[in-house]
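Each step along the sequence shown adds one to the number in the working numbering, with nothing skipped, and position 42 is 56.
Here a beta-carbon is modelled for each residue, glycine too, at the ideal position from N, C-alpha and C.
I have placed the structure first, in the form of structure tokens, so that the comments after it can refer back to it.
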Amino acid sequence: VGKTPQAKLMVYWNKKEQKVMVNNANKVLPAHDAQHQFQLWAIVEGQSPVDLGVFSAENEHLIFEMKKIGAAQAFAVTIEKKGGSPVPTLDQMVVMGAI
């Protein structure tokens with residue numbers, strides 16, 4: 015997406031259980047400073063993007079669980095101030111993938 019066409023992140027979604035997991039092992043995400051984190055969003059038809067939580071590229075866990083979601087057409091990652099944002103900063107979107 016935009017400035018980071020090489021970015022990638024594996025997101026697993028179990029629609030039945032509504033669980034979302036991020037695989038931190040083989041990610042390719044841009045660097046950011048200590049005052050920022052990555053934030054995962056669900057793109058849901060007819061709604062504003064839904065916050066699924068924040069994570070750091072340096073997270074010690076290879077796979078970790080995010081917030082649950084029942085419906086999504088895509089997932090996206092933005093760089094936000096530490097702690098996250100109620101709405102995505104679209105010019106800081108680093109990767110998006112349709113389901």
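In the DSSP assignment, residue 54 forms a beta bridge with 67 and 91. Within 10 angstroms of the beta-carbon of residue 103 lie fewer than 16 other beta-carbons, which makes it exposed. Apart from sequence neighbours up to five positions away, the residues of its chain that approach residue 24 with a beta-carbon distance below 7 Å are 37 and 40, ordered along the chain.
Just measuring C-alpha positions, the residue of 100, 91, 82 and 29 sitting nearest residue 55 is 91. Beta-carbon to beta-carbon, residue 21 and residue 42 are separated by about 6 Å, close enough to satisfy the 8 Å threshold. Measuring C-alpha to C-alpha distances from residue 69 to each of 48, 84 and 32 identifies 48 as the nearest. Checking the DSSP bridge columns, you'll see residue 24 partnered with 37.
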